[in-house]
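Working notes, structure below.
Number of protein chains: 2
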Amino acid sequence: MLEFAILGLLQESPMHGYELRKELTAKLGAIRAAISYGSLYPTLRRLQAAGWITEAAETPATAEEVPALTSRRGRVVYKITAEGKERFAQLIAQAGPETYDDTGFGVHFAFFARTDQATRLRILEGRRRKIEERREGLRDVLGRAAERLDAYTLELQRHGLDACEREVRWLEELIANERSGRAPTVPNIGTAGGRREDNSPPPPGETRKERP
Amino acid sequence: MLEFAILGLLQESPMHGYELRKELTAKLGAIRAAISYGSLYPTLRRLQAAGWITEAAETPATAEEVPALTSRRGRVVYKITAEGKERFAQLIAQAGPETYDDTGFGVHFAFFARTDQATRLRILEGRRRKIEERREGLRDVLGRAAERLDAYTLELQRHGLDACEREVRWLEELIANERSGRAPTVPNIGTAGGRREDNSPPPPGETRKERP
DNA sequence: GCCGCGATGTATCGGACCGATACATCGCAC
DNA sequence: GTGCGATGTATCGGTCCGATACATCGCGGC
Numbered sequence: 197m198l199e200f201a202i203l204g205l206l207q208e209s210p211m212h213g214y215e216l217r218k219e220l221t222a223k224l225g226a227i228r229a230a231i232s233y234g235s236l237y238p239t240l241r242r243l244q245a246a247g248w249i250t251e252a253a254e255t256p257a258t259a260e261e262v263p264a265l266t267s268r269r270g271r272v273v274y275k276i277t278a279e280g281k282e283r284f285a286q287l288i289a290q291a292g293p294e295t296y297d298d299t300g301f302g303v304h305f306a307f308f309a310r311t312d313q314a315t316r317l318r319i320l321e322g323r324r325r326k327i328e329e330r331r332e333g334l335r336d337v338l339g340r341a342a343e344r345l346d347a348y349t350l351e352l353q354r355h356g357l358d359a360c361e362r363e364v365r366w367l368e369e370l371i372a373n374e375r376s377g378r379a380p381t382v383p384n385i386g387t388a389g390g391r392r393e394d395n396s397p398p399p400p401g402e403t404r405k406e407r408p
Numbered sequence: 197m198l199e200f201a202i203l204g205l206l207q208e209s210p211m212h213g214y215e216l217r218k219e220l221t222a223k224l225g226a227i228r229a230a231i232s233y234g235s236l237y238p239t240l241r242r243l244q245a246a247g248w249i250t251e252a253a254e255t256p257a258t259a260e261e262v263p264a265l266t267s268r269r270g271r272v273v274y275k276i277t278a279e280g281k282e283r284f285a286q287l288i289a290q291a292g293p294e295t296y297d298d299t300g301f302g303v304h305f306a307f308f309a310r311t312d313q314a315t316r317l318r319i320l321e322g323r324r325r326k327i328e329e330r331r332e333g334l335r336d337v338l339g340r341a342a343e344r345l346d347a348y349t350l351e352l353q354r355h356g357l358d359a360c361e362r363e364v365r366w367l368e369e370l371i372a373n374e375r376s377g378r379a380p381t382v383p384n385i386g387t388a389g390g391r392r393e394d395n396s397p398p399p400p401g402e403t404r405k406e407r408p
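If you read the protein sequences in the order shown, they are chains Y and C. First residue of the first sequence? That's 197 in the working numbering, and the numbers climb one at a time after it. First residue of the second sequence? That's 197 in the working numbering, and the numbers climb one at a time after it.
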């Protein structure tokens, strides 16, 4: 999951660890609290070892060989490699069952702008099925085993059931939107500078559903 | 978290691993999918080593020394010890910040029937504060940094914000309920048999809020 | 009669991720 | 001129998951 998110973010612009964490937190704020350095840095090292990202020099090589003492350990900027982009595409393509749990779905959804429409549809439907299953489970418990559970546990189930029903409706809307081609996709993705080299789908224009 | 849930469940009745997992899944179905054996069994061993649970013999000692071959490895039933109950009470009392994240809160809430009212209130308010913070973060992103993010990411944030607002309202209701003494607490907790030895609060009678 | 198969049941292993902790630099307010 | 919060990199122990292995039991189909 972290691997996927990092590769996705670094395609927008090179970043160092701290920045990466902030962006990740902003982008995934709806899903999870904040990713930990204890997983971020090891993952970065792993991705680098695999050749999917590389370190980019911070100061543009004009340093006159001076340091050696004070050992000046500046920030380490990472950028994605061609292999990394390939890897990211591959991770999108093989969206498996783990893509449908809460975190997995959220992270994939956050990068839907870099995902082709067919895969978007597949993921949305997989997620819907999973939530429907959870919903049925909760209904079963609330129906059959209600008297075995205390009032607080029941209230928890009710709240969970409510959230499930709500998410299914949300997913239905998104699926209908995808099918009709009016996906909520925004044109400009990359950072400032106007270079446009991502494989995002053709932008069919802003479409927002109005809330009644 | 798992430790807490196991100690809580075993206070209702002795159980073996498989059963424990099923009950856990039923009770926490609204929170998480299903707990893994890869964490359940090691945790059971840890709790046993700490003296908080013990193995209870499955067949009531009438086995006539026969086995030794076929090695008949039957199910292992665990029951909580007095120290275990103490540990559980202690875990409730020291409900810290980790109690307010999604999983932690859900698990604690599921055992509110074994939690005193003051602690229930403290946990509900802590959770509310945490969700309010997340909500503010999402509002910030949707307000200030909206143009930096693509339409899918924005939609994710909107959905998350909606869920936050809904949960805050839910928590407000629960808090008001607690304050007025009309907590949704059910009298009989333990398994069949009528033994009543838990420290649950006095049952003020079923109180259900009607949905308009 | 026996064969498969799904439910029941215990267990381990590698890997992902978290929370706490440590430590260093920079700018700025007091 | 000094403390302090933001920026920044890094490790360690521990929790939990997912895959996998393996054994038993009851039941229906052939």
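Every residue, glycine too, gets a C-beta built ideally from N, C-alpha and C. Quick caveat, the model's predicted, so the values are computed rather than measured.
- Between Y/L345 and C/A222, the CB-CB gap stays under 9 Å.
- By DSSP's assignment, Y/E251 forms a beta bridge with Y/Y274.
- Residue environment analysis places C/K326 among the buried positions, since at least 16 neighbouring C-beta atoms fall within 10 angstroms of its C-beta.
- Below 8 Å, enough C-beta pairs join the stretch 357–376 of chain C and the stretch 308–328 of chain C to call them touching: three or more.
- The bridge partners DSSP lists for Y/M211 are Y/Y274.
- At a cut-off of 9 Å between beta-carbon atoms, Y/G339 makes no contact with chain C.
- Here C/I231 carries a coil assignment [DSSP, helix/strand/coil].
- Taken atom to atom, the span from the alpha-carbon of C/A347 to that of C/F284 is near 46 Å.
- C/L236 is positioned such that its CB atom lies closer than 9 Å to that of C/G213.
- Chain C places a beta carbon closer than 9 Å to that of Y/Q353, counting this residue as a contact.
- Y/L357 sits close to Y/R331, with the two beta carbons spaced by under 9 Å.
- For the pair C/L367 and C/F308, the Cα-to-Cα distance works out to about 14 Å.
- Its Cα nearest to that of C/E219, the residue C/V303 stands out among C/Q353, C/R335, C/V303 and C/A342.
- Within the same chain, Cβ atoms closer than 7 Å to the Cβ of C/R228 are found at T299, the five residues on either side in sequence being excluded.
- For the stretch 285–299 of chain Y, the set of residues with a beta-carbon nearer than 9 Å to any beta-carbon of chain C comprises D297 and D298, in chain order.
- When 9 Å is used as the limit between beta carbons, Y/G356 is near these residues of chain C: G225, A226, I227 and G302, in chain order.
- Sequence-distant partners of Y/L317 (beyond 5 residues in either direction) whose C-beta falls short of 6 Å from its own C-beta, in its chain, are E374.
- Using a CB distance below 8 Å, the part of the stretch 322–346 of chain Y facing chain C consists of R330, G333, L334, V337, A341, L345 and D346, ordered along the chain.
- In the DSSP assignment, C/L345 falls outside any alpha helix (DSSP H), carrying neither H nor E.
- By the neighbour-count criterion, in which 16 or more other beta carbons inside 10 Å mark a residue as buried, Y/R365 falls on the exposed side.
- In the structure shown, the three-state DSSP call for C/R378 is coil.
- Under the 10 Å beta carbon count, Y/E351 is surrounded by 16 or more other beta carbons and is classified as buried.
- Around Y/F308, the beta-carbon contacts reaching into chain C at under 7 Å are Y348.
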